[in-house]
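Numbering (this note's numbering), first residue to last: 970 to 1300.
Ideal placement from N, C-alpha and C gives every residue a C-beta, glycine not left out.
Quantities reported herein were computed from a predicted structural model and do not represent experimental measurements.
Heads up, the thing below is written out as structure tokens.
Here's what the structure looks like:
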């Protein structure tokens, strides 16, 4: 009596493993950004390999595995060389540069509404522009400047629906690079999205910073200033790193969320930290800071030993906090 053994092709398991490897290589940066419409150009290949698998895959399992392996290799090679062959422009991605001359501006207030691409904000070097931004995006840029000596600048983007099946597995190079004139007194209002934010504000004449961060990681370096200024930050699920200036009077108000917040304090600066809310996250204060009577481990007031006698002070008020840990570190 003979027993019929059902042969199973290795084609599909190899294809699934190969697809996972390709996506992993893309996430690690070994393959360029691509969208699914690029792969649709290879649809005739699917008919060929499925036919080969039906012919040979069920007769010899190793044959199905070999067909799958060659298919994965062909797709990976195509995706790797497609930018060189100009076959891989991310669908709808474009670069726009918007700017406004400095003219007679005496004060400027910015309203920046960011999205999911990463954003860098820094001082313009030796520029006659008030603001200059290079936006690599998909959709439409909304840029508006109002006022004469006191100007208001708004910048945002809106995303247009893309073509069918053109979802980009990466950002396709989307990013915002924003340069601000450092000599003009500046109030910066920022509404962050899911993209990473890098605010390199050294050299900018900052009068106030108001920021509402989202899920993207944020790094802020505040400028030195002969004039005191206010910083108000409401963080979300993304981590926040903030570096405070030396020899500058700063009042920093924080409402934190689920993301960790790290505040870097100048080693010699006079600092007072007031944690006014009980959250589920822990609070870490530098060693040597003096705790007020009635403090708990994560609630109360701490200050550096030189706070009462210093010419310049930094006041930090944590008005509301969530589950994210707070780290105050000297450096």
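Considering Cα atoms alone, identify which of 1280, 1245, 1197 and 1204 is closest to residue 1312.
The question about residue 1312 has no answer, for the chain in this structure spans 970 to 1300.
- Alpha carbon of residue 1234 to alpha carbon of residue 1174, nearest angstrom: 20 Å
| field | Close beta carbons around residue 1090, own chain, < 6 Å, minus the five adjacent residues each side | value | Closer than 6 Å at the Cβ level, and outside the excluded window around residue 1090, lie 1147 and 1168.
**Message:** Would you say the beta carbon of residue 1226 is closer than 8 Å to some non-hydrogen atom of the ligand ADP?
**Reply:** In the structure on display, the ligand ADP does not appear, and there are no ligands present to speak of.
On the premise that residue 1239 lies in contact with residue 1273, defined as a C-beta separation below 8 Å, what is that separation, rounded to the nearest angstrom? With 8 Å as the limit, residue 1273 and residue 1239 qualify as a contact, their Cβ atoms being about 6 Å apart.
| task | Within 10 angstroms of the Cβ of residue 932, are there 16 or more other Cβ atoms? Answer buried if so, exposed if not. | result | Since the first residue of the chain shown is 970 and the last is 1300, residue 932 is not available in this structure.
- Task: Pick helix, strand or coil for residue 1138, following the three-state DSSP scheme.
- Result: The pLDDT assigned to residue 1138 is 46, lower than 50, so where the model puts this residue is not dependable, and the model offers no usable value.
query = If residue 1290 and residue 1222 are in contact, beta carbons under 8 Å, what's the gap, nearest whole angstrom?
reply = Not quite, the Cβ-Cβ distance comes to about 12 Å (not below 8 Å), so this is no contact.
- Message: With three or more beta-carbon pairs closer than 8 Å as the criterion, would you say the region 1176–1193 touches the region 1204–1213?
- Response: yes
I'd like to know if the region 1207–1216 and the region 1252–1261 are in contact, where contact means that at least 3 CB-CB pairs between them fall below 8 Å.
no
* Counting only the same chain and skipping the five closest in sequence on each side, list residues whose C-beta sits under 6 Å from that of residue 1069. => 1099, 1100 and 1114
Helix, strand or coil, according to DSSP, for residue 1174 in the structure here? coil
- Among the residues of its own chain, which have a CB less than 6 Å from the CB of residue 1298, if the five just before and after it don't count? 1233
Contact check, residue 1047 vs residue 1011 under 8 Å by CB: the rounded distance?
7 Å
Taking C-beta to C-beta, are residue 1067 and residue 1121 nearer than 9 Å? Contact check for residue 1067 against residue 1121 fails: the beta carbons are separated by 9 Å or more.
Worksheet item: Going straight from the alpha carbon of residue 1288 to that of residue 1157, what length do you get?
Response: 21 Å
| message | So, at 8 Å on beta carbons, what are the nonlocal neighbours of residue 1086 in its own chain, with the 5 sequence-adjacent residues on each side left out? | response | 1105, 1106, 1140, 1143, 1144, 1145 and 1164
Exposed or buried, what is residue 1219 when buried is set at 16 or more other beta-carbons lying within 10 Å of its beta-carbon?
buried
Taking DSSP as the reference, what is the three-state secondary structure of residue 1267? coil
Would you report the Cα separation of residue 1266 and residue 1247, rounded to the nearest angstrom? 10 Å
**Message:** If I follow the unbroken alpha helix (DSSP H) through residue 1044, where does it start and stop?
**Reply:** The continuous alpha helix (DSSP H) containing residue 1044 extends over residues 1030–1050.
*What residue range is occupied by the uninterrupted beta strand (DSSP E) comprising residue 1235?*
Taken as a continuous stretch (DSSP letters only), residue 1235 belongs to no beta strand (DSSP E), as it is neither H nor E.
What number of angstroms, rounded off, separates the C-alpha of residue 1044 from the C-alpha of residue 987? 10 Å
Open item on the list: Helix, strand or coil, according to DSSP, for residue 1092 in the structure here?
Closed with: strand
Mapping the DSSP letters down to three states, classify residue 1148 as helix, strand or coil. strand
Contact set for residue 1199: own chain, Cβ-Cβ below 6 Å, skip 5 residues either direction: 1177 and 1220
Looking at the strands, I want to know which residues DSSP matches up with residue 1158.
1080 and 1179
For residue 1189 and residue 1261, the rounded distance between their alpha carbons: 29 Å
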